[in-house]
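Peer 1: Start counting the sequence shown at 1; every next residue gets the next number (this note's numbering).
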Amino acid sequence: MIVCVCNNISDREIRQAADSGLATMSALRDDLGVGTCCGKCKSCAKTVLRKHLNESADRAPAMQAKSIAFQRSVQAA
Ligand code: FES
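(1) Return yes when at least one heavy atom of the ligand FES lies under 7 Å from the C-beta of residue 51, else no.
(2) Just verifying my parser: in three-state terms, what is the DSSP assignment at residue 43?
(3) Check whether the Cβ of residue 8 sits closer than 7 Å to any heavy atom of the ligand FES, and report yes or no.
(4) Report the partner residues of residue 10 according to the DSSP bridge assignment.
(5) Could you give the distance in angstroms between the alpha-carbon of residue 104 and the alpha-carbon of residue 22?
(6) Please classify residue 3: is it buried, with 16 or more other beta-carbons within 10 angstroms of its beta-carbon, or exposed?
(7) Is residue 48 near the ligand FES, with its Cβ less than 7 Å from a heavy atom?
And the structure:
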């Protein structure tokens, strides 16, 4: 879905930007241009960003455990 109509920025692009390390609205604004025209998208963009960062944080322990298990299996082989 398009979040920022003025700059044609989708929720997917915001999530990808978050995955690449952008974790604040000012970073999104500087990198993607989100919210730099009319500003009506700021609330939605912030919601998408926060939700994705929270979901990523929730997944991190599980991914870390899988990574450790994989490293141990490689070392044992
Ligand atoms: S919709 Fe994002 S700046 Fe206008």
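Backbone N, C-alpha and C define an ideal beta-carbon position, used for all residues, glycine too.
Predicted model only: the values in this text are computed from it and were never measured.
Peer 2: The short version:
(1) Every heavy atom of the ligand FES is 7 Å or more from the Cβ of residue 51, so no.
(2) Residue 43: helix per DSSP, three-state reduction.
(3) For the ligand FES, not one heavy atom lies less than 7 Å from the Cβ of residue 8.
(4) Answer by DSSP bridge pairing, in chain order: 2.
(5) Since the first residue of the chain shown is 1 and the last is 77, residue 104 is not available in this structure.
(6) Counting Cβ neighbours within 10 Å, residue 3 comes out buried, since at least 16 surround it.
(7) No.
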